[in-house]
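Visitor:
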Amino acid sequence: MILHEVLRLYPPAFILMRKVYEDMQLKELFIPEGTEIIIPLRMIHRDSSVLGEDAAEFNPELFAGGVSEATKGQLIYFPYGFGPRICIGQNFALLEAKVVLSMILQRYSLHLSPTYAHAPYSVISTKPRHGANLI
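Throughout the sequence shown, residue numbering follows numbering that gives the first Met the number 0, covering 0 to 134 in sequence.
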């Protein structure tokens, strides 16, 4: 959730550029062939009409239900681009972030909280029903 939130607020590239290869109509807007479009990721990722009034604030809980729930099913979160021109470095960058996080976490000791109640349930995978409270 934290990684998604950081990428939402601070995407690796703050704009994407695309070229229109044939005339197209987007609602009331006509875009002729050959037009270059700039997609402002920082603005789209902070769209308060979809993400709420605090869209400019750091809120990892936004992604608690996943990207689809956070964006209400709209294509407004794509920190590495999308489609056939998605960033070739996306998988490496996400893997690198996970490795760095694991190196940081090695320096900490985590223990189950005394309030933890063991209650596993299965949906597609087995998960703790009440979360895993850690100290």
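Even glycine gets a Cβ: it sits at the ideal position worked out from N, Cα and C.
Since this is a predicted model, take the numbers as computed values, not measurements.
Alpha carbon to alpha carbon, what distance is there between residue 29 and residue 60?
Guide: What you label residue 60 is simply residue 61 of the sequence shown in a count that begins at 1. What you label residue 29 is simply residue 30 of the sequence shown in a count that begins at 1. Approximately 38 Å between the Cα atoms of the pair.
Visitor: Quick check on this structure: which residue in 7, 74, 50 has the alpha carbon closest to the alpha carbon of residue 41?
Guide: One-based indexing of the sequence shown puts residue 41 at position 42. The option with the nearest alpha carbon to residue 41 is 7.
Visitor: State the Cα-Cα distance for the pair residue 126 and residue 2, rounded to the nearest angstrom.
Guide: Your numbering for residue 126 matches position 127 in the sequence shown. Your numbering for residue 2 matches position 3 in the sequence shown. Those two C-alpha atoms are separated by around 21 Å.
Visitor: So for residue 155, helix, strand or coil by DSSP?
Guide: No information on residue 155 is available, as it lies outside the stretch 0 to 134 that the chain covers here.
Visitor: At which residues does the alpha helix (DSSP H) containing residue 42 begin and terminate?
Guide: Along the sequence shown, one-based indexing puts residue 42 at 43. Looking at the DSSP string, the run of the alpha helix (DSSP H) that includes residue 42 is 40-43.
Visitor: Please report the residue range of the alpha helix (DSSP H) in which residue 97 lies.
Guide: In the sequence shown, the residue the question calls residue 97 occupies position 98. Its alpha helix (DSSP H) spans residues 89-104.
Visitor: Tell me the rounded alpha-carbon separation between residue 4 and residue 112.
Guide: The sequence position of residue 4 within the sequence shown is 5, counting from 1. The sequence position of residue 112 within the sequence shown is 113, counting from 1. Going from the Cα of residue 4 to the Cα of residue 112 covers about 26 Å.
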